[in-house]
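Since the structure comes first, as structure tokens, the remarks are kept for the end.
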Amino acid sequence: MKKIIFYITFLLICISCKNNDNSEITLYYYGRSPIGTTFEVPVRFYENGKEKAFFVFYSSDQNLESGVYEYNDTVYPPSFYWGIGFCYANKTFYKEVSKWESNYITGGNVNITRNGEQYTFLIDVTDNKGEKHIEKFEGKAKKESYHQQSIVKGEFSTADIENCMVETHFTSRLPADYSGGMTWLYLESGDVLNGKRINIIFLHSNANDFTGTYSVDANANGSYREGKDMIQNIVELYPKRSQYDPKLISGTFTISKVDKPWHFKIDVDVVDDLGDIIQGSFDGGQITFSDYDYARYGNWNNVPDYYYFPYVVE
Numbered sequence: 031m032k033k034i035i036f037y038i039t040f041l042l043i044c045i046s047c048k049n050n051d052n053s054e055i056t057l058y059y060y061g062r063s064p065i066g067t068t069f070e071v072p073v074r075f076y077e078n079g080k081e082k083a084f085f086v087f088y089s090s091d092q093n094l095e096s097g098v099y100e101y102n103d104t105v106y107p108p109s110f111y112w113g114i115g116f117c118y119a120n121k122t123f124y125k126e127v128s129k130w131e132s133n134y135i136t137g138g139n140v141n142i143t144r145n146g147e148q149y150t151f152l153i154d155v156t157d158n159k160g161e162k163h164i165e166k167f168e169g170k171a172k173k174e175s176y177h178q179q180s181i182v183k184g185e186f187s188t189a190d191i192e193n194c195m196v197e198t199h200f201t202s203r204l205p206a207d208y209s210g211g212m213t214w215l216y217l218e219s220g221d222v223l224n225g226k227r228i229n230i231i232f233l234h235s236n237a238n239d240f241t242g243t244y245s246v247d248a249n250a251n252g253s254y255r256e257g258k259d260m261i262q263n264i265v266e267l268y269p270k271r272s273q274y275d276p277k278l279i280s281g282t283f284t285i286s287k288v289d290k291p292w293h294f295k296i297d298v299d300v301v302d303d304l305g306d307i308i309q310g311s312f313d314g315g316q317i318t319f320s321d322y323d324y325a326r327y328g329n330w331n332n333v334p335d336y337y338y339f340p341y342v343v344e
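Sequential numbering from 31 applies to the sequence shown in the numbering used here.
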């Protein structure tokens, strides 16, 4: 029954759509979204040489897979963390980004059909002035690279490094004469619908240098044990595959400095107790440091300029 209703609605939209015979479509390649699994795909629609609409779609295909793309009433956040519940979900577009002429889109959907280089966009949206726009754009899309490219590379799209030596909760577990460092490393991939976050707390002999190769301790349980690199390791999976967060049981991870001021490459080759092999790298995108002894660095200028971004990071 739902399929019948969908096809009837689709047919009505097709009939009522204004067909732009003098339309042009430019599809841009920006790159992967900050969560690493979907692509950001800006698209400009022109009518008689004048820009009519601008959308930024999220898709698992950088050329846009066919399907209905729904409006998501969420503001693109000035942070690359998806743990707060934000999701760069497949087949969607977001608040305060997509526009119809000078007005922002505030609801609706876009039905995209792709056959090779030929595209059909059935647009049914409402803008912030309350005006409804039902229109069809079709034809061969012009492909261009967006002038500001994403530099997200590797499986992991977010990395966070935090100095734990100032945290009483963790330092209380260390011997009184311990002179090394303790670092909390987060690596994230995917989103809240299908993703993973690796939490690793590890020890290093040089308090001010956390680079190096570290071995996973299968017995790490939050207690310091002489001669071990790691005191805690957890993998959070979304959606949950079990009643508990799996632990890493073997493998290594390497943190290496690439250049200044704070550019690091993180390579992971580990196995958790569910039998999942997690192999990937963080190289590019945003890396965030805590406000403690480690310098804070966030290359947030990589956020594309079509997003409202009021924060300035020095």
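Each residue gets a CB set at the ideal place from its N, CA and C atoms; glycine is no exception.
{"Asked": "Relative to the alpha-carbon of E131, which residue among G160, E147, E81 and N141 has its alpha-carbon at the smallest distance?", "Found": "E81"}
{"Asked": "Answer yes or no: do G225 and H234 have a C-beta to C-beta separation smaller than 8 angstroms?", "Found": "no"}
{"Asked": "Nearest to T188 by CA position, among V140, Y216, E126 and G310, is which residue?", "Found": "Y216"}
{"Asked": "Which same chain residues end up closer than 6 angstroms to F186 when comparing Cβ atoms and leaving out the 5 residues on each side of it in sequence?", "Found": "L217, S219, G310 and F312"}
{"Asked": "Please list the terminal residues of the continuous beta strand (DSSP E) segment that includes G211.", "Found": "G211 to G220"}
{"Asked": "Would you mind reading off the limits of the beta strand (DSSP E) that contains Y244?", "Found": "G242 to S245"}
{"Asked": "Between D303 and P276, is the Cβ-Cβ spacing less than 8 angstroms?", "Found": "yes"}
{"Asked": "Pick helix, strand or coil for H199, following the three-state DSSP scheme.", "Found": "helix"}
{"Asked": "Start and end of the beta strand (DSSP E) containing Q148?", "Found": "Q148 to D157"}
{"Asked": "Thinking A248 and S272 are a contact (beta carbons under 8 angstroms), I'd like their distance in whole angstroms, please.", "Found": "With 8 angstroms as the limit, A248 and S272 do not qualify as a contact, their Cβ atoms being about 17 angstroms apart."}
{"Asked": "Sorted by chain position, which residues of the same chain lie with C-beta nearer than 6 angstroms to N102's C-beta, five sequence neighbours on each side aside?", "Found": "T122 and Y124"}
{"Asked": "Assuming N139 and V98 are in contact, meaning their beta carbons sit under 8 angstroms apart, how far apart are those beta carbons, in whole angstroms?", "Found": "5 angstroms"}
{"Asked": "Give the C-beta separation of Y274 and M260 to the nearest angstrom, bearing in mind that I take them to be a contact with Cβ-Cβ under 8 angstroms.", "Found": "That pair is no contact at about 18 angstroms."}
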